[in-house]
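*Asks:*
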Amino acid sequence: MQALEHLYPLLQTPRKIVITMHQKPDGDAMGAALAMFHFLKSLGHQVTVVSPSNWAKFLNWMPGCKEVLDYELYTEKCKELINNAELLFCLDFNSMHRTKKLETVLLEAKCVKALIDHHEEPVEEHFEYGASDILKSSTCEMVYDFIVQSPYRDYLNLDMAACIYTGIMTDTGSFRFAITSAETHKAVAHLKALGLEHSIIHEKIYDNFLENRLRFIGNALLHHLQVLYEYNTALMAIGKKDIMKFDIQTGDTEGLVNYLLTIQDIKFGALLIDRVEERKWSFRSKGNFDVNEFARLHFEGGGHKNAAGGRSSESIELNIQKFKEVLKLYEADLA
Ligand code: 5GP
Ligand code: MN
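Residue numbers (our numbering): 151 to 485.
1. What are the residues that DSSP puts in a beta bridge with ALA458?
2. So what's SER203 in DSSP terms, helix, strand or just coil?
3. Of the residues LYS474, GLY405, LEU371, GLY452, which one's Cα is nearest the Cα of THR320?
4. Among HIS373, HIS268, PHE473, whose alpha-carbon lies nearest the alpha-carbon of LYS455?
5. Among HIS276, GLU428, LEU479, GLY437, which one has its Cα closest to the Cα of GLU450?
6. Roughly how many angstroms lie between the CA atoms of PHE243 and HIS172, to the nearest whole one?
7. Is the distance from the Cβ of ILE318 to the Cβ of PHE239 below 8 Å?
8. Does the Cβ of GLY401 lie closer than 7 Å to at least one heavy atom of the ligand 5GP?
9. What residue does the alpha helix (DSSP H) around ALA312 start on, and which one ends it?
10. For LYS342, which residues in the same chain have their Cβ closer than 8 Å to its Cβ, ignoring the five residues on either side in sequence?
11. So does ASP321 have its beta carbon nearer than 7 Å to some heavy atom of the ligand MN?
12. Ignoring anything shorter than 3 residues or poking outside the stretch 363 to 410, list the beta strand (DSSP E) runs there in chain order.
13. Check the C-beta distance from ARG276 over to MET310 and give it rounded, since I have them as a contact under 8 Å.
14. Report the rounded CA-to-CA distance for ILE266 versus TRP205, giving the unit in angstroms.
15. Locate the alpha helix (DSSP H) running through VAL441, then write down its first and last residues.
16. In the DSSP output, what is ILE423 paired with across the bridge?
17. With a 10 Å radius around its C-beta and 16 neighbouring C-beta atoms as the bar for buried, classify ALA339 as buried or exposed.
18. Mind checking whether VAL200 and PHE187 have CB atoms under 8 Å apart?
19. Between LYS417 and PHE208, which are expected to be in contact by the criterion C-beta below 8 Å, what is the C-beta distance as a whole number of angstroms?
20. Taking 7 Å as the cut-off, is the C-beta of ASP357 nearer than that to any heavy atom in the ligand MN?
21. Assuming contact is defined by CB atoms lying nearer than 8 Å, are ASN442 and GLY452 in contact in what I supplied?
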């Protein structure tokens, strides 16, 4: 994989470009894809964003979101676009399996592939060009760098700014996580100077849910929270019944895992959700406990040191049993 700056000359002539991101794109994945979409379109390229799956409704306000193609809904059209593309940008993931059903289409695509991502352990051989930096707050911050370090930095506009801000804000937990750097704040200062209205974005992302989602959270905290004080760990598992009862949709469970870490002295929070096709884990930690390693070793997952995810095809009950068994190995680390 060559450094991403070597890709700039490819942008001198109009090209067919596809941008994609991890399945169930979050604010950072969608923000990065759409910021790049606006940037490349303003340079005169023919650009399409293909999402491997659907996404949370609270992202629909983002400029360009209505033009994003969901691979699960427009499979043939997406395949054709990817097979005809000259250049493919892969944003906010670093291994093709994170795109689930899109994986083989991406692996078989003959075009030039470029990576921009901040997760651990990139599969570099999948990409001709790339930037991969685990010290970056978000992929959106890296897309910002890509734009302002290019010969086309003056193309940065308010649509791109709104998309970039969304990803930085969501991936840094509104600028509170340790990964938030001086560079992150400088990037945001630049976006503000362009005219970005940041408080509107906070409202659109965080104050834009239906009543049922709040009641679902209340119910989950009351009935499904287990605090394992001997391991400074909080665990929550939510089955299909509750998902159906509260009509929970993609995105409604985002942020729920963070409540677990608000308990005094709790260092490790783990949330398990029954997603019908699989059981999906979200792991969060405070301090040195490495949830990326935990997810990789025990739950087919990965991510970052303090925020990671995993999956399993076993039942909720077996997952909880396994989690509690595995936790014993980490007693000293969590003390
Ligand atoms: P979340 O818990 O919000 O779904 O994910 C937390 C972080 O871990 C995100 O950066 C996400 O991209 C990453 N992540 C979530 N699930 C997986 C997974 O199954 N595999 C890998 N490698 N990373 C994941
Ligand atoms: Mn991210």
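Here a beta-carbon is modelled for each residue, glycine too, at the ideal position from N, C-alpha and C.
*Replies:* If we stick to the structure as given:
1. Position 308 of the sequence shown, counting from 1, holds the residue named residue 458. DSSP output for ALA458 lists PHE433, GLY453 as bridge partner(s).
2. For this step, residue 203 is matched to residue 53 along the sequence shown. If DSSP states are grouped into helix, strand and coil, SER203 belongs with coil.
3. In the sequence shown, counting from the first residue as 1, residue 320 sits at position 170. It is GLY405.
4. As a first step, residue 455 is located in the sequence shown; it is residue number 305 there, counting from the start. Closest by alpha carbon: HIS268.
5. For the purposes of this step, residue 450 is taken as residue 300 along the sequence shown, with counting starting at 1. Out of HIS276, GLU428, LEU479, GLY437, GLU428 has the C-alpha closest to the C-alpha of GLU450.
6. What you label residue 243 is simply residue 93 of the sequence shown in a count that begins at 1. What you label residue 172 is simply residue 22 of the sequence shown in a count that begins at 1. PHE243 and HIS172: Cα-Cα distance of roughly 6 Å.
7. For the purposes of this step, residue 318 is taken as the residue at position 168 of the sequence shown. For the purposes of this step, residue 239 is taken as the residue at position 89 of the sequence shown. No, they are not a contact pair.
8. Here residue 401 refers to the residue found at position 251 of the sequence shown. False, no ligand heavy atom lies under 7 Å from that Cβ.
9. In the sequence shown, counting from the first residue as 1, residue 312 sits at position 162. That run of the alpha helix (DSSP H) goes 308 to 321.
10. Numbered from 1 along the sequence shown, position 192 holds the residue referred to as residue 342. Around LYS342: HIS348.
11. Position 171 of the sequence shown, counted from the start, is the residue given in the question as residue 321. True, at least one ligand heavy atom lies under 7 Å from that Cβ.
12. 375 to 378, 383 to 388
13. Counting from 1 along the sequence shown, the entry for residue 276 is found at position 126. Counting from 1 along the sequence shown, the entry for residue 310 is found at position 160. It is His, not Arg, that sits at residue 276 in the sequence shown. Actually they are not in contact, since the Cβ atoms of HIS276 and MET310 sit about 26 Å apart, beyond 8 Å.
14. Sequence index remark: in the sequence shown, residue 266 carries index 116 (1-based). Sequence index remark: in the sequence shown, residue 205 carries index 55 (1-based). Going by the C-alpha atoms only, they are around 20 Å apart.
15. Position 291 of the sequence shown, counted from the first residue, corresponds to residue 441. 441 to 448 is the extent of the alpha helix (DSSP H) around VAL441.
16. The residue given as residue 423 occupies position 273 in the sequence shown. Answer by DSSP bridge pairing, in chain order: ILE388, LYS430.
17. Stepping through the sequence shown from its first residue, residue 339 is reached at position 189. Exposed, because fewer than 16 other Cβ atoms sit within 10 Å of the Cβ of ALA339.
18. To locate residue 200, count along the sequence shown from 1; it is residue 50. To locate residue 187, count along the sequence shown from 1; it is residue 37. Result no, Cβ atoms of VAL200 and PHE187 do not sit closer than 8 Å.
19. Looking up residue 417 in the sequence shown gives position 267. Looking up residue 208 in the sequence shown gives position 58. LYS417 to PHE208, Cβ: 29 Å. No contact.
20. Here residue 357 refers to the residue found at position 207 when the sequence shown is read from its first residue. Result no, Cβ not under 7 Å from the ligand MN.
21. Your numbering for residue 442 matches position 292 in the sequence shown. Your numbering for residue 452 matches position 302 in the sequence shown. In contact: ASN442 and GLY452 (Cβ atoms closer than 8 Å).
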